[in-house]
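Participant: Mapping of the sequence shown onto full-length UniProt numbering: position 122 corresponds to residue 122, and the numbering continues sequentially without gaps.
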Amino acid sequence: MQALPEPRQQTFEEIYGPPENFLEIEVKNPQTHGSSPRNMYTSYEIHTRTNIPAFKLRHSVVRRRYSDFEYFRDILERESARVTIPPLPGKVFTNRFSDDVIEHRREGLQRFLQIVAGHPLLQTGSKVLGAFIQGKQKHAGCSFTALPGHVSVAKY
């Protein structure tokens, strides 16, 4: 009977280095803009860290508002018939600038992006995913651009 070879020891890099493919998305640092209730809105930073080749940047930070997420979700639904796009956190009409409401929405937006960006078909097939989470990039006639003041605009 032949003896089994000794298992090879893993190196420190193999144990503690970044995984082969990783994607970390955080939605944080909400900021409320505007001075009167009519023109007020809250924007959120999207921090992305990844080594997945489908994304152009390894680390990026962009700022988006809720209406950007709505527009982005609309586009995803139209371009991705084979993928069910998760819902966004619901619209809020009262106390929408309270800390609790903003935090609840931030958590929901983060969950939404983690599901969408983590989906393999959307990572490789979406024309707008990278542009939305990583900033100024153009895909198939669409560009999401961070303007001065960090408010984003989608152009088609």
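Cβ atoms here follow ideal geometry from the backbone N, Cα and C, with glycine treated the same way.
Does the region 115-128 touch the region 68-85, meaning 3 or more C-beta pairs lie closer than 8 Å?
Facilitator: Cβ pair count under 8 Å is three or more, so yes.
Participant: Span of the beta strand (DSSP E) holding residue 25?
Facilitator: Start and end: 23-33.
Participant: In terms of DSSP beta bridges, what is residue 43 paired with?
Facilitator: DSSP output for residue 43 lists 31, 65 as bridge partner(s).
Participant: Looking at residue 85: is its Cβ nearer than 8 Å to the Cβ of residue 62?
Facilitator: Not closer than 8 Å, so no.
Participant: Can the beta-carbon of residue 83 be found less than 8 Å from the beta-carbon of residue 92?
Facilitator: No; because the gap between Cβ atoms is not below 8 Å, this pair is not in contact.
Participant: With respect to the alpha helix (DSSP H) encompassing residue 133, which residues constitute its N-terminal and C-terminal limits?
Facilitator: Taken as a continuous stretch (DSSP letters only), the alpha helix (DSSP H) holding residue 133 covers 129-134.
Participant: In terms of residue numbering, what span does the alpha helix (DSSP H) encompassing residue 120 cover?
Facilitator: Run containing residue 120: 120-125, per the alpha helix (DSSP H) assignment.
Participant: Rounded to whole angstroms, what is the Cα-Cα separation between residue 27 and residue 3?
Facilitator: Cα to Cα, residue 27 sits roughly 53 Å from residue 3.
Participant: Under 8 Å between the Cβ atoms of residue 130 and residue 22?
Facilitator: No. Outside cutoff.
Participant: Residue 42: which of 99, 118, 121 sits nearest, CA to CA?
Facilitator: The option with the nearest alpha carbon to residue 42 is 99.
Participant: Grab me the residues of residue 50's own chain with a C-beta within less than 6 Å of its C-beta, minus the 5 sequence neighbours each way, in chain order.
Facilitator: Excluding sequence neighbours, residue 50 sits near 23.
Participant: Please list, in chain order, all residues of the same chain as residue 113 whose beta carbon is under 7 Å from its beta carbon, the five residues on each side excluded.
Facilitator: Cβ neighbours of residue 113 beyond the five flanking positions: 25, 27, 46, 133.
Participant: Within this structure, are the beta carbons of residue 44 and residue 73 separated by less than 8 Å?
Facilitator: Cβ atoms of residue 44 and residue 73: not closer than 8 Å.
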